[in-house]
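Working notes for the structure below.
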Amino acid sequence: MAESKKRKAVTKDVEEDAAVVSGDEFDFGQLDGTLSDDESASASESEDLYSGAEDDSDAVSIGSDSLPSEDSDEDILIPKEEKESNSVAIGASESAASGHHQEPENSEDEKPNYRIVKDANGNDRYEYDEIDPGDDSDYSVPDNAANTIGDIPLSFYDSYPHIGYNINGKKIMRPARGEALDALLDSIDIPKGWTGLTDPSTGKPLQLSREELELLKKVQMNEVATDGYNPYEPTVEWFTSKTETMPLSSAPEPKRRFVPSKHEAKRVMKIVKAIREGRILPYKPLQEEEEGEQDEVPNYDIWADEQPRPDHAMHMPAPKLPPPGFEESYHPPAEYLPDQKEKEEWEKQDEEDREKEYLPTDYSSLRKVPGYGRFVKEKFERCLDLYLAPRVRRSKLNIDPESLLPKLPSPDELRPFPTHEAGRFLGHQGRVRTLAIDPSGQYLASGGDDGTVRVWTLIPQREVWSVSLGVESAVNAVRWRPGKDTPILAACAGDDIYLCIPRLGTDSSPEADAAQAVLDAGWGYAASESSGSKPPSIKWSRPSSSLREQGVAIVIHLGHTAKTLSFHSSGNHFVTICPATTVPASQAIAIHTISKHQTQLPFRKRLKGGGSPQAAHFHPSSPILFVANQRVIRAYDLSKQSLLKIIQPGARWISSFDVHPTSASTAGSDNLIVGSYDRRLLWMDLDLSPRPYKTLRFHEKAIRAVRFHPATNRYPLFADGSDDGSIQVFHGQVTSDMMSNAQIVPLKVLRGHKVTGGLGVMDLDWHPQHPWLVSAGGDGTCRLWVS
Amino acid sequence: MAKQKKKGQSGQAKNYITRTQAVRKLQISLPDFRRLCIFKGIYPREPRNIKKANKSASHSTTFYYTKDVQYLLHEPLLQKFREQKALSKKIARSLGRNEVQDAVRLEKYAMPKIKLDHIVRERYPTFVDALRDLDDALSLLFLFANLPSTSAVPAKVIARCQRLCHEFEHYLITTHTLRKSFLSIKGIYYQATIQGQDIMWLVPYKFVQRVTQDVDYRIMGTFVEFYCTLLGFVNYRLYTSIGLVYPPKFDVASDERGAELSAFTLEGHRVAGAIDQKEDEQKMLTNGHGQIQNSETIQAQIDKIAQEAEVEDDTKEDENPEEQADSGTIDTFTPAAPEGDILPQPDLTGDEASTLFSNFTFFISREAPRHSVEFLLRAFGAKRIGWDAVLGDGAFTHDETDPRITHQIVDRPALAQPLPALQGQSDPKDQPLQAIKPGYIVPGRVYIQPQWIWDCVNEGKLLRTDLYAPGATLPPHISPWIKPTSGQYDPRATLEEQEPAGEADQDIEEEEENADSAEEVETDDGDESEDGENEVDAGDMDVASASSEAESEEEVADGFAGFEGTEDADGLSSDLDDEAQHQKELEAEASGRPIPVAKSKEDARKAKALKARQTAQSKKDEEIERQKMMMSNKKRKLFEKMQYSNNKRDLEAEKLRAKRRKLERAGKGKA
């Protein structure tokens, strides 16, 4: 209490210049006396009083008691301050008012705790002792000098001389601002407790005592704010770590340090006894083990609520072992027993290579059966397989292997086809370049390097007619005109085409006459049309008399060497090709009309792409002309005079091609076979694709000639002849069904022609009625192949 | 543009991981991984594209399915394994400190118990799944039940296996679900059908198994551990499904006296086998003196039981038929009217099986394999089976002279010569001896070899017993599982039924030729194959005759060969044939040899047929060759692969047929 007072005093003596009440000096001593009295005499009483005050404070908050006491307190204090600062006198009215209040109380008290003073009017004035609430009281003692303006900023008072009001409603005057000199002085010697801050409530510079600063510092540092707590006290070593070299005591070690403790022994024995008696169990009890044993026998149904699991694709159950076979029996049928050789072989084999891990053995009775030595091993291997063998799901193809075989026509069905040589036609000097069988099937015409055209009877192989068309020029093509009744033979030799009527048998046969008539019919036409725009180089003329004697009826002078010649099925037209590169493009392909003795050159320009023309054929039934150059075959519609189709067999150099004789009539589409110098034989189905349907590469050398059998519906055959001297015969069935493709079966390789000068078979032709084949060879022979 | 896929981030590269990776992922040792795989039934896979799965590494590895390993990751057993590992470290430490007792204690009590129940449930979601996988389990458990106990195979495991196996057998006996059995050189195969699942297993003969070094018992032990759990649950389910209590009562004492199957007492609400009552009796007798009994007292007991059993017998026989009557069998539904579909019903082999041997009383001689015979007989309805006292406990009777015995199973060379038969007894082998010594027989019963039981069981009917008499040559014992399929040789059918036409003739031809050539060789070599005596004594004579014989036959064969050679492939006519024949006759006449008329006629006919077949065959081959030419390369290869196995099978069948033909001919020759 004293302390607080002192502090108040301290603060007040600095601030209080506007002193409140002037009091008398004597008061002071009395006050002191009462104070001392109060303190020394009745501590207990004062305590009681405090408690009472405490109680009262709740009940009578603004009661008369408290207020007067405050007032008195103030009054008491004031004189004390007054001594030091001799300031303005207090308003008398106020003090009077306070005095009025206090009167009734005074009357009640027996022992006067007041002083009677005279006020300004001379009236009595009771002055009471200050009631000290004590430090414990939570009754806050408002600082009477405190500014009561609350939370409004001080700047509001800037224009006023005061800065607020104290608790008594008095203005608190603005502290005098010192002169500049004072300020300077202040700044020079910093007063004690100077903070440089301004107390917002008073407007004065805030000064804090040393203790307050310490406290603030501790609070800032999060330290214990109480006074007198030192967190950094010096360590006190209660037990030193240092060992003394010299013992403090020289007493010998007592015996008990070396003797087992009897007490301890007693306690241990107690435990041991308990263990022995089974009261204490050192480890887990034994019966658990037995229970575990019992648990091994299942006592519940694990599949009580079974739910099937859908099969997973990755789940592969282990394959079961196959059941034992007959040979595993202890007494198998005798045929399963191995003979001596098999036994030896089995024993010789390495254990891992053996197909069966046991040797079938016959034990005549069960008692003779020994234990199986590999039993454990086998089971072990099975275990290994179960957990170690990688499993994979293999779909086993369980079909009859026979079903994989393609359905081929039986060989009986394919028969007949030429299988062997039946005869040779010898007579030509040098190569036989070309041959053809006449439509009646009796005669064979051939032409060769010797410049002769010969006609032979097929059986027997006898020459019946021959004509020499020039020694220096080889016969490149001979073809019979279609039609049985008129034996007309066209032959290309040198730059000319000769149309002959060979003398067959008797001199004047009706057929020969008819042929002569066919050929002669055009003369008149030619004469009448001579003024037409016929190219002058191509001329139909009568041959020389010597030739005419021999049967040549017409000579067509082409001016270039024609290599191929092909008749239209009607027999009225034929097309020739002069493949040589020197031939002008417009004259390479010529179509000749027998009835008009007329030659047309349908192409003015060279065919684009694919080199010089190689061969040309008429379509057997429709007005289409196929023209092949080295790489592509073009189909032209003759009636519309337009390009119909471009066929690309993919061959490098087409040597020859043939159109299927029943193409587009019975069959669904056109079929071509193409032979090429790059050893390929290509079957083209024109409706299927412009690319080959089948590419057959069975020859070792270039293919020179390909030919369909003319009677394809009876003999679905085709053949090709190659420079390697062989002829290959194929079965090529074309069905009228659009859905099924042509069926090609290789049938026969006919060998016989000798390869001379790199040339084997030069040309082929089929017999029109029989499955017979004739071939012209580079060896100077023609051969007949029959079935 | 779609996000570009990175290599090795999806597909097979992710779906498969190598074993090393798997072990590393699971953080366990390789042996633990192995155990885990065995328990969980995880097996390696073969990826479709190994290169992809191996991320282009070229070394060969084992691949596991990644999801399998992922699934192992959550396995509670992994924790157990880790505990085990920790414990083994503790034990090792104790041993290192020489604290043996501690180590023993740890091993005994602290070893974590591994329970596999949940794995059984996981691997076999339904009971049928478990049955389907029972083949291997039974085979292995039966093997272990017959193994001698070693350090690798503790006796406890063996006992457990034995128990489980016997329990399973008891179920089969009770339900008559055993279907087939087969005596092979490896052991005895059995097949049972439970809930439509065929279960086949192999039981070794009772011999000490030869153990080789390359067998790792730890692996098998792991399998056995799992299979034991599995079979335990299967047994539980099987027993409870037929209203029996599981586990059945097991009499240790009786088992030690070799009772095997009879050591179990089945308890149930309704079904009580023939064994129970007797078993109860025995228990009452034996319980007092348990295991201390020596063999003499056992013998005494046995005698006593045997006498008592006789008394009981009548009542038992009365009871049995009743039990069968009300055992819930299904009835056959025969369609009353012709229109109406016939529903397939389970075949009634169960009933047949239960009655096959039910009317007989068997006695097993001491040389016969008691356990398998007893099991088989019981499974097929036999109720009264006695055996020699040395074969163990639990017999219906140990008295060989018991007059009720109808069949005695013996496996002896031949029984004693029939003594003069007493009048009134049909069996000539009967003899009036009361004291049975080896080699003597008791009148009034049939003596058969064990194979009779197996053949009867497989045939499903009783066979003639005289074929299986002791000392008789037994008919071949054939596997009941191999069904006759086309193209395969079937020993049950006659040779004529299955050989392709003309094979026999061809074979004979060849054989003769072979024989000729062989003989020729022999003669050239100086008759090696002849007996030594012959060679010494009358070698010259023999040789001479043989060679002359060979000569003449050779001539004939040559003649035919020539004849065949000259014939044209296109066709052969009988007149040509005749001509040739005539020609030959002329030739023979000219050379002064006798004309082999009759034989050659016959031979010519045969030769003609042979020729025709050969040409047909060659034509066929040619045709196939031609067809193959038109096939694409791929298809041709496939075709050839497929042909390979067929050809192999055909070849094998042909070989077997040839052997049989030879044997038959030899038999005929003898006859």
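Here the protein sequences come in this chain order: B and C.
In case it helps, this note's numbering puts the first sequence at residues 1 to 787.
In case it helps, this note's numbering puts the second sequence at residues 788 to 1458.
All residues carry an ideal CB built from backbone N, CA and C; glycine is no exception.
Segment limits, alpha helix (DSSP H) that includes residue i
i, result
"S545 (chain B)", "545-550"
"N1022 (chain C)", "1004-1028"
"C824 (chain C)", "817-827"
"N629 (chain B)", "Premise fails: N629 (chain B) lies in the beta strand (DSSP E), 624-629, not in any alpha helix (DSSP H)."
"S269 (chain B)", "Note that residue 269 (chain B) corresponds to Met in the displayed sequence, not to Ser. M269 (chain B) -> alpha helix (DSSP H) spans 262-277."
"W1268 (chain C)", "Premise fails: W1268 (chain C) is in no alpha helix (DSSP H) and is neither H nor E."
Closest by C-alpha distance to residue i, when choosing among the options
i, options, result
"K694 (chain B)", "B:A651, B:K396, B:E127", "B:A651"
"P834 (chain C)", "C:L865, C:A809, C:K801", "C:K801"
"Y1004 (chain C)", "C:L1397, C:T1260, C:P935", "C:P935"
"Q743 (chain B)", "B:M684, B:L547, B:R431", "B:M684"
"S566 (chain B)", "B:H617, B:I538, B:K605", "B:H617"
"H619 (chain B)", "B:P390, B:H770, B:L688, B:P661", "B:P661"
"F1426 (chain C)", "B:A705, B:D496, B:D400, B:A493", "B:D400"
"I829 (chain C)", "C:E870, C:K842, C:H963, C:F1010", "C:F1010"
"L547 (chain B)", "B:Y498, B:A562, B:T781", "B:Y498"
"K943 (chain C)", "C:E1012, C:E886, C:D889", "C:E1012"
Residue i: first and last residue of the uninterrupted beta strand (DSSP E) it sits in
i, result
"G883 (chain C)", "Unbroken run through G883 (chain C) is the alpha helix (DSSP H), 863-883; no beta strand (DSSP E)."
"Q949 (chain C)", "Element bounds for Q949 (chain C): not the beta strand (DSSP E) but the alpha helix (DSSP H), 942-962."
"L751 (chain C)", "With chain C covering only 788 through 1458, there is no way to say anything about residue 751 (chain C)."
"S566 (chain B)", "564-567"
Residues that residue i contacts on chain B, provided the C-beta gap is smaller than 9 Å
i, result
"L930 (chain C)", "F375, V376, K379"
"K838 (chain C)", "None at all; the shortest Cβ gap to chain B is about 15 Å."
"G1019 (chain C)", "E296, V297, P298"
"I1411 (chain C)", "E402, L405"
"Q996 (chain C)", "G371, Y372, G373, F375, V376"
Under 7 Å from the C-beta of residue i: neighbouring residues of chain B
i, result
"I825 (chain C)", "Y387"
"S1041 (chain C)", "Near S1041 (chain C) there are no residues of chain B at all, since even the closest Cβ is about 18 Å away, more than 7 Å."
Beta carbon of residue i nearer than 8 Å to that of residue j
i, j, result
"W480 (chain B)", "A436 (chain B)", "yes"
"S968 (chain C)", "Y958 (chain C)", "no"
"G441 (chain B)", "H767 (chain B)", "yes"
"L965 (chain C)", "A1140 (chain C)", "yes"
"W1241 (chain C)", "L989 (chain C)", "no"
"T1052 (chain C)", "P1035 (chain C)", "yes"
"A590 (chain B)", "C492 (chain B)", "no"
Under 8 Å by beta carbon: chain C residues contacting residue i
i, result
"A422 (chain B)", "Here the premise fails: no neighbours, minimum Cβ distance about 18 Å."
"H331 (chain B)", "L970, Q1238, L1261, P1263, H1264"
Proximal residues of chain B, C-beta to C-beta of residue i below 8 Å
i, result
"S1390 (chain C)", "As written in the sequence, residue 1390 (chain C) is Asp, which differs from the Ser given in the question. Residues of chain B passing the Cβ test: none, with the nearest at roughly 27 Å."
"T849 (chain C)", "L388, P390"
"V856 (chain C)", "Under the 8 Å cutoff, chain B gives no residues; its nearest Cβ is about 13 Å from V856 (chain C)."
Closer than 7 Å: residue i CB and nearest the ligand FAD heavy atom
i, result
"F239 (chain B)", "The ligand content of the structure shown is nil, which means the ligand FAD is not present either."
Where residue i meets chain C, residues with beta-carbon distance less than 7 Å
i, result
"G325 (chain B)", "S1266, I1269"
"P406 (chain B)", "Q1414, M1417, M1418"
"W303 (chain B)", "T913, F914, R1024"
"Y693 (chain B)", "Ordered by position in chain C, no residue passes the 7 Å Cβ test against Y693 (chain B), which lies about 14 Å from the chain."
Chain C contact residues for residue i, given Cβ-Cβ distances below 9 Å
i, result
"G795 (chain B)", "Past the boundaries of the shown model lies residue 795 (chain B); chain B is included only from 1 to 787, so the question cannot be answered."
Minimum length 4: unbroken alpha helix (DSSP H) runs contained in the segment 729-786 of chain B: none
4-residue-minimum alpha helix (DSSP H) runs that sit fully inside the segment 164-220 of chain B, ordered along the chain: Note on the segment 164-220 of chain B: whole alpha helix (DSSP H) runs with a minimum of 4 residues are 180-188, 210-220, in chain order.
Complete beta strand (DSSP E) runs within the segment 378-445 of chain B (minimum length 3 residues, chain order): 420-426, 432-437
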